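Undergrad: Residue numbers (the numbering used here), protein chains in the order written: chain A, 1 to 121; chain B, 122 to 369; chain C, 370 to 506. One structure is given below, represented as structure tokens, and several questions about it will come after.
Okay, here's the thing in structure tokens:
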């Protein structure tokens, strides 16, 4: 009675990325979106001046946190959106194309995020 | 309280119907009657051709599951007075092929269940002990909730993924696998991995809609069981990746 | 009506309805579920918005000002208000489901689900406070 070798599938890792992305998005996105998307444009609060925001953005911790937010957030979107297309619109017969667009999009987005966030400022 | 209520019951006679129709029956409204009592009254006194499954009439056998006003329910535990003045719509459980009237074919579940090996698996090679395996109350609590499943199929009826994905194992099968995975007497976690963590139809198809848990008459919480197993499967995959030489 | 087929023996004519493409509109709980899933689109939108902001800040004072003006554009604002609603909905539903998905044991006893829920909200509040302080100070 030997222990079975699990068949190789990438699904567990994709779900783990989705899950991590969900937690990070839940914690960080509402606050940031409230500030930059609603509060500053509506004048509820004064936006930070450029020098200060640049200093914050330059900091290695900020870069790392935001990079994690972008990468994990994109993979969170990719996984959830893929299943929404499979189940909501019953498009599972196109699963290869959908997977390519979703995870491929997340990979491309991650590289773009790295390009923006890791550049010299 | 009115003394009658109308039950709108799905009829499907495969020898003559292409698709199900609805037949209305006006039955007495007794305050202690369940929907099942209404169906029995119809069959005994009004229309003997109506077909449906039932057995214990007390919510433990899992036979009498049907859609009552669109909601999967055990008809023995669903009371007519809650739907007064009616009418009450009684339809077969969704997501299963309809054999006749209110009877559905659950062969798909019956085929999927053994693939998750819902029995105690021991790998120590020891002969069975003379007395029972010992287990503390805390160890019992770990899996007890999942052992309450009566295979009534209400969760399958509520799960949209089961209706859409023909390969999906479904809530009850995964919850029953967890009942054994979490049992301290069991060593079979690795043997269940292939079926549960399969790329097609395994736990990954579940998107945590949560309807299964909501409709379960025994409070098994299959949705929780599935999410917990996803975490287990991730841990197994990480271990397999980082330590491929280890005993898996 | 039915074809002229003799029904007999083991021939089973099961009825298998096709699931409608709009199945998720049939029940309120399914609709709420699909809306919850669609919140991921707004998470992805926020990533785009964040990268636009970061790029503008890195490019200089003028670019930053242009970004601020863009974010005040009525369409952009409307989009972000909708996005904010969906993203908050994501957070609330995520925290509500976390206790169901994980069983935490402390000293042999199971931690009640409500504690996990409360801890998540406290963490959210703490993170948001730190974030606001860093940005606004």
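Glycine included, each C-beta is placed from N, C-alpha and C at the ideal position. Since this is a predicted model, take the numbers as computed values, not measurements.
1. What does DSSP give as the partner residues of residue 130 of chain B in its beta bridges?
2. Do you know how far the Cα of residue 139 of chain B is from the Cα of residue 161 of chain B?
3. Can you confirm whether the stretch 69 to 77 of chain A touches the stretch 107 to 115 of chain A when touching is taken to mean that 3 or more C-beta pairs between the two stretches lie within less than 8 Å?
4. Sort out for me which residues DSSP pairs residue 384 of chain C with in a bridge.
5. Just tell me which of B:277, B:338, B:281 and B:227 has its CA closest to the CA of residue 269 of chain B.
6. With distance defined between alpha-carbon atoms, name the residue in B:287, B:186, B:129 and B:282 nearest to residue 232 of chain B.
7. From B:135, B:134 and B:163, pick the residue whose C-alpha is nearest to that of residue 126 of chain B; which is it?
8. Note down the Cα distance separating residue 264 of chain B from residue 341 of chain B, rounded to an integer number of angstroms.
9. Let's see if you can read the secondary structure: which residues bound the alpha helix (DSSP H) around residue 457 of chain C?
10. Is there at least one Cβ from chain B nearer than 9 Å to residue 51 of chain A's Cβ?
11. Can you list, in chain order, the residues of the stretch 11 to 39 of chain A whose Cβ is nearer than 8 Å to any Cβ on chain C?
12. Leaving out five residues on either side along the sequence, give the residues of the same chain with a beta carbon under 6 Å from the beta carbon of residue 333 of chain B.
13. Using a beta-carbon distance below 9 Å, is residue 88 of chain A in contact with chain C?
14. Given a cut-off of 9 Å, decide if residue 146 of chain B and residue 223 of chain B are closer than it, judged by their beta-carbon atoms.
15. Pick helix, strand or coil for residue 52 of chain A, following the three-state DSSP scheme.
16. Can you look up residue 232 of chain B in the DSSP assignment and give me helix, strand or coil?
17. Look at the Cβ atom of residue 283 of chain B, then the Cβ atom of residue 324 of chain B, and state whether they are nearer than 9 Å.
18. Using the three-state DSSP reduction, which class does residue 329 of chain B fall into: helix, strand or coil?
19. So with CB distances below 8 Å, who are the chain A contacts of residue 485 of chain C?
20. Whole angstroms is fine: what's the gap from residue 413 of chain C's alpha carbon to residue 383 of chain C's?
21. Judging by CA-CA distance, which residue of B:177, B:303, B:316 and B:290 is the nearest neighbour of residue 256 of chain B?
22. What span of residues does the beta strand (DSSP E) with residue 192 of chain B cover, start to end?
23. Taking residue 112 of chain A as the reference, give the member of C:405, C:406, C:416 and C:389 with the closest Cα.
24. At which residues does the beta strand (DSSP E) containing residue 187 of chain B begin and terminate?
25. Is the beta carbon of residue 38 of chain A closer than 9 Å to that of residue 456 of chain C?
26. Using beta-carbon positions only, say whether residue 192 of chain B and residue 336 of chain B come within less than 9 Å of one another.
27. For residue 403 of chain C, collect the residues of the same chain with a Cβ closer than 7 Å to its Cβ; drop the 5 residues on either side in sequence, then sort them by chain order.
28. Could you check where the alpha helix (DSSP H) with residue 350 of chain B kicks off and where it finishes?
29. For residue 200 of chain B, which three-state DSSP category applies?
30. Taking 8 Å as the cut-off, does the stretch 211 to 223 of chain B touch the stretch 168 to 188 of chain B (at least 3 CB pairs, one atom from each stretch)?
31. Would you say residue 56 of chain A and residue 504 of chain C are within 9 Å of each other, going by their C-beta atoms?
32. May I ask you to list the residues that DSSP assigns as paired with residue 101 of chain A?
33. Using a Cβ-Cβ cut-off of 7 Å (strictly less than) and excluding sequence neighbours within five positions of residue 156 of chain B, which residues of its own chain qualify?
34. Name, in chain order, the residues that DSSP records as bridge partners for residue 499 of chain C.
35. Can you check DSSP and say which residues form a bridge with residue 474 of chain C?
36. In chain order, what residues of the same chain have a beta carbon less than 6 Å from the beta carbon of residue 117 of chain A, not counting five sequence neighbours either side?
TA: Let me spell this out:
1. Stepping through the second chain from its first residue, residue 130 of chain B is reached at position 9. Bridge partners of residue 130 of chain B: B:144 and B:211.
2. Counting from 1 along the second chain, the entry for residue 161 of chain B is found at position 40. Counting from 1 along the second chain, the entry for residue 139 of chain B is found at position 18. Roughly 26 Å between the two C-alpha positions.
3. yes
4. Numbered from its first residue, the third chain carries residue 384 of chain C at position 15. Paired residues: B:219.
5. As a first step, residue 269 of chain B must be located in the second chain, where it is residue number 148. Comparing Cα-Cα distances from residue 269 of chain B to each of B:277, B:338, B:281 and B:227, the minimum goes to B:338.
6. As a position in the second chain, residue 232 of chain B is number 111, starting the count at 1. Among B:287, B:186, B:129 and B:282, the Cα nearest to that of residue 232 of chain B belongs to B:287.
7. Stepping through the second chain from its first residue, residue 126 of chain B is reached at position 5. If we check each option's Cα against that of residue 126 of chain B, B:163 comes out closest.
8. For the purposes of this step, residue 264 of chain B is taken as the residue at position 143 of the second chain. For the purposes of this step, residue 341 of chain B is taken as the residue at position 220 of the second chain. Residue 264 of chain B and residue 341 of chain B: Cα-Cα distance of roughly 10 Å.
9. In the third chain, the residue the question calls residue 457 of chain C occupies position 88. It spans 443 to 470 - the alpha helix (DSSP H) in which residue 457 of chain C sits, taken as one unbroken run.
10. By 1-based counting over the first chain, the position of residue 51 of chain A is 51. No, its Cβ sits nowhere closer than 9 Å to a Cβ of chain B.
11. 21, 22, 23, 25, 26, 27, 28, 29, 30, 31, 32, 33, 34, 35, 36, 37 and 38
12. Counting from one through the second chain, the residue named residue 333 of chain B turns up at place 212. These residues qualify, in order along the chain: 276, 279, 280, 292, 343 and 344.
13. Locating residue 88 of chain A in the first chain gives position 88, where the first residue counts as 1. For residue 88 of chain A, the answer is yes, since a Cβ of chain C falls inside 9 Å of its Cβ.
14. Counting from 1 along the second chain, the entry for residue 223 of chain B is found at position 102. Counting from 1 along the second chain, the entry for residue 146 of chain B is found at position 25. No. Outside cutoff.
15. As a working note, residue 52 of chain A is residue 52 in the first chain. DSSP places residue 52 of chain A in helix when its eight states are reduced to three.
16. For the purposes of this step, residue 232 of chain B is identified with residue 111 of the second chain, where counting begins at 1. In the structure shown, residue 232 of chain B sits in a helix (DSSP, three-state: H, G or I).
17. On the second chain, residue 283 of chain B is found 162 positions in, with the first residue counted as 1. On the second chain, residue 324 of chain B is found 203 positions in, with the first residue counted as 1. No, these two residues do not count as a Cβ contact at 9 Å.
18. Along the second chain, one-based indexing puts residue 329 of chain B at 208. If DSSP states are grouped into helix, strand and coil, residue 329 of chain B belongs with coil.
19. In the third chain, residue 485 of chain C corresponds to position 116, counting from 1. What residue 485 of chain C touches in chain A: nothing, since even the nearest Cβ is about 12 Å away.
20. Mapped onto the third chain, residue 413 of chain C falls at position 44. Mapped onto the third chain, residue 383 of chain C falls at position 14. Distance between the alpha carbons of residue 413 of chain C and residue 383 of chain C is about 44 Å.
21. Here residue 256 of chain B corresponds to residue number 135 of the second chain, with the count starting at 1. For residue 256 of chain B, the nearest C-alpha among the options comes from B:303.
22. Within the second chain, the letter at position 71 stands for residue 192 of chain B. 192 to 195 is the extent of the beta strand (DSSP E) around residue 192 of chain B.
23. What you label residue 112 of chain A is simply residue 112 of the first chain in a count that begins at 1. Ranking C:405, C:406, C:416 and C:389 by Cα distance to residue 112 of chain A puts C:416 first.
24. By one-based count along the second chain, residue 187 of chain B stands at place 66. 186 to 189 is the span of the beta strand (DSSP E), which, as asked, contains residue 187 of chain B.
25. Reading the third chain from its first residue, position 87 is the one you call residue 456 of chain C. Reading the first chain from its first residue, position 38 is the one you call residue 38 of chain A. Contact flag unset, no.
26. By one-based count along the second chain, residue 192 of chain B stands at place 71. By one-based count along the second chain, residue 336 of chain B stands at place 215. For residue 192 of chain B and residue 336 of chain B, yes; Cβs fall inside 9 Å.
27. Start at 1 with the first residue of the third chain, and residue 403 of chain C comes out as number 34. Excluding positions up to five away in sequence, the list reads 393.
28. Along the second chain, read from residue 1 onward, the residue named residue 350 of chain B stands at position 229. Here the alpha helix (DSSP H) through residue 350 of chain B covers 343 to 363.
29. By 1-based counting over the second chain, the position of residue 200 of chain B is 79. Residue 200 of chain B falls in the strand class under three-state DSSP.
30. yes
31. Walking along the first chain from the start, residue 56 of chain A turns up at place 56. Walking along the third chain from the start, residue 504 of chain C turns up at place 135. Against a cut-off of 9 Å, the Cβ pair of residue 504 of chain C and residue 56 of chain A comes out as a contact.
32. Along the first chain, read from residue 1 onward, the residue named residue 101 of chain A stands at position 101. According to DSSP, which records beta bridges pairwise, residue 101 of chain A is partnered with nothing at all.
33. Here residue 156 of chain B is taken as the residue at index 35 of the second chain, counted from 1. Counting only Cβ-Cβ distances below 7 Å, and skipping sequence neighbours, we find 189, 196, 199, 201, 209 and 211.
34. Looking up residue 499 of chain C in the third chain gives position 130. Note: residue 499 of chain C sits in no beta bridge, so no partner.
35. Sequence index remark: in the third chain, residue 474 of chain C carries index 105 (1-based). DSSP lists C:479 as partners of residue 474 of chain C.
36. Numbered from its first residue, the first chain carries residue 117 of chain A at position 117. Within the same chain, residue 117 of chain A has close Cβ partners 63, 66 and 67.
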